[in-house]
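Heads up: the sequence lines are chains A and B, in that order.
The working numbering puts the first sequence at residues 1 to 228.
The working numbering puts the second sequence at residues 229 to 456.
Beta carbons: idealized from backbone N, C-alpha and C, even for Gly.
Protein chains: 2
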Amino acid sequence: MIRAVFFDMDDTLYDTSGFAAIARRAAVKSMVHNGLKCSEDEGYGELMNIINEKGSNYDKHFNILVERINGKLDPLIIVNGIITYHNTKFAMLKLEPESFSILLYLKSQGYKVGLITNGKELKQWEKLVRLGMYPFFDDVVTSESVGVEKPDPEIFNIAMERLGVTAGSSLMIGNNFDVDILGACNAGMQSMLINSEITPKQKEILEEMECTDKVRELGSLIDLMKIL
Amino acid sequence: MIRAVFFDMDDTLYDTSGFAAIARRAAVKSMVHNGLKCSEDEGYGELMNIINEKGSNYDKHFNILVERINGKLDPLIIVNGIITYHNTKFAMLKLEPESFSILLYLKSQGYKVGLITNGKELKQWEKLVRLGMYPFFDDVVTSESVGVEKPDPEIFNIAMERLGVTAGSSLMIGNNFDVDILGACNAGMQSMLINSEITPKQKEILEEMECTDKVRELGSLIDLMKIL
């Protein structure tokens, strides 16, 4: 019997990638209006190249973009990108109704609710607070705070220990098969994949790991209510 | 005859210290509401100690505050401080009417207008853009971008050279005697001190430097209109 439900945050409870894409498009539009010498589509494409090269936690994407396109740094263009990116992102930071509903449902039914997220401690907590989501969680585990990240089973073990629950009574919900689902399987938990589909190749992997019975696909967060 | 007017930014054109104090008080209030174990006055006092110890460009003031008061880091309290500080600061970032008026007046009269500011390039530019002040300036010199800071006469020389003006036709306006006024004197410029008064001791220094005739006190930025 499930007593604790653990969630991934980004792209599971909050459409991080979708909203980041909108904020980046807004930022590039502002940069082009302020002198970035390319079209908005070209600028966005190059920005995505830079993010892929440097990772999303690097903090000088816009500097590199301006230097590559215009041949030199221009603070006016860079800060217009930064300001527009942050204004747009913060304007969109609202908890989605489905996430709100399912978290409230789980609490009302007496489940323990945890968050297990890869990322920087304060950056992830800032999202939790701005979204107004943190009061729903009995515990929050960020990879930076515990020094180990998903899919390492250790981060799942830490999260379960902190909530005082066993793997047999724990369910993990996430959008990333390799990170959330395989990690949870290795820690002995049941898990559900959301916003993604299990491929035939991934089904084979689950069979090899003898985890097939422990993993399901979830159409939407609300479906949890019917399943639990 | 004066052809170019150079301004300091912080506490000259914009009440940086006053607004930072309000944003910090708001941040501490939010942190106390979220579990910082002290009164708001105690928290603010300790925060100011930390800022004096670490400098205002250090980015972990709130982390240290929480660790000192509560004995351990608590991400919920820290991010509430950060979010409230930024929300409050950005909400107050508006160009003051006096600054707007005098900048518009100088441009309408054909003066060249420059900015000479100590600080980080993008941090200072972000203020210029958020305040909507940057279009008034023919040139902006930040200490980070040129590798030398006020009161070194070199930064004033760079600024004058970039605007194509001589020291004899240049006026510097700032709030800091040691940084803005002595620096400008050493570069051969006239200068005006605002939001501060010249002390007897400082008058002696000016006499020794033979700068007495080149320095005046300014009651308000608007008074520039009568003087020029």
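Counting only beta-carbon separations shorter than 9 angstroms, does residue i have a partner in chain B?
i, result
"S170(A)", "no"
"E149(A)", "no"
"Y111(A)", "no"
"Y134(A)", "yes"
"R130(A)", "yes"
"V28(A)", "no"
"S143(A)", "no"
"V140(A)", "yes"
"L122(A)", "yes"
Assuming residue i contacts residue j (C-beta within less than 8 angstroms), just tell me the rounded distance between them.
i, j, result
"L83(A)", "M31(A)", "According to the sequence as given, residue 83(A) is Ile; it is not Leu. With a Cβ gap of about 10 angstroms, I83(A) and M31(A) do not count as contacting."
"I181(A)", "G188(A)", "Not a contact, Cβ separation roughly 13 angstroms."
"I71(A)", "A27(A)", "Before going on, a small fix: residue 71(A) reads as Gly here, not Ile. The Cβ separation is near 20 angstroms, so there is no contact."
"F243(A)", "R25(A)", "This structure does not reach residue 243(A), given that chain A is present from 1 up to 228, and the question cannot be answered."
"T345(B)", "D243(B)", "In fact, because the Cβ distance is near 15 angstroms, the residues do not count as touching under 8 angstroms."
"A251(B)", "Y339(B)", "At roughly 33 angstroms, the Cβ-Cβ gap does not stay under 8 angstroms, so A251(B) and Y339(B) are not in contact."
"L233(A)", "I2(A)", "The structure shown does not extend to residue 233(A), since chain A is modelled only from 1 through 228, so no value can be given for it."
"I222(A)", "E98(A)", "6 angstroms"
"G43(A)", "I69(A)", "7 angstroms"
"E354(B)", "V79(A)", "5 angstroms"
"G132(A)", "L95(A)", "6 angstroms"
Which residues in the same chain as residue i place their Cβ atom closer than 6 angstroms to its Cβ, once the five residues preceding and following it in sequence are excluded?
i, result
"E372(B)", "K348, E349"
"N186(A)", "P153"
"E295(B)", "L301"
Only counting the same chain, and skipping five residues up and downstream in sequence, which positions put a Cβ closer than 7 angstroms to that of residue i?
i, result
"V341(B)", "V233, L331, L334, K335, F364, F365, D366"
"V376(B)", "E382, I383"
"D239(B)", "S245, N403, N423"
"L275(B)", "R252, V256, H289, L293"
"E425(B)", "E445"
"F54(A)", "Reading the sequence as shown, one finds Lys at residue 54(A) and not Phe. Correct list, in chain order: H61."
"C439(B)", "C413"
"S448(B)", "E326"
"I51(A)", "H61"
"N285(B)", "K348"
"L163(A)", "A4, K112, G114, D138, D139"
"F247(B)", "K317, M320"
Taking 9 angstroms as the CB-CB limit, is residue i close to chain A?
i, result
"E435(B)", "no"
"E354(B)", "yes"
"I310(B)", "yes"
"L391(B)", "no"
Excluding the 5 residues flanking residue i on each side, which residues of the same chain have their C-beta closer than 8 angstroms to its C-beta?
i, result
"D406(B)", "P379"
"M453(B)", "I330, Y333"
"L128(A)", "M9, L115, Y134, F137, V140"
"S169(A)", "M1, I2, R3, A4"
"G411(B)", "K378, P379, D380, P381, I383, F384, M400"
"V165(A)", "R3, A4, K112"
"K37(A)", "I69, N70"
Comparing the CB of residue i with every heavy atom of the ligand FAD, is any distance shorter than 8 angstroms?
i, result
"M229(B)", "As for the ligand FAD, it is missing from this structure, which has no ligand bound."
Say whether chain E places a C-beta atom closer than 9 angstroms to the C-beta of residue i.
i, result
"K203(A)", "The chain labelled as chain E is not found among the protein chains of the depicted structure, namely A and B."
(request) Could you list the residues in the region 279 to 306 of chain B with a C-beta less than 7 angstroms from some C-beta on chain A, going in chain order? (result) P303, L304, I306
(request) Indicate whether the contact test is met: 3 or more Cβ pairs, each with one atom in the region 188 to 198 of chain A and one in the region 215 to 222 of chain A, closer than 8 angstroms. (result) yes
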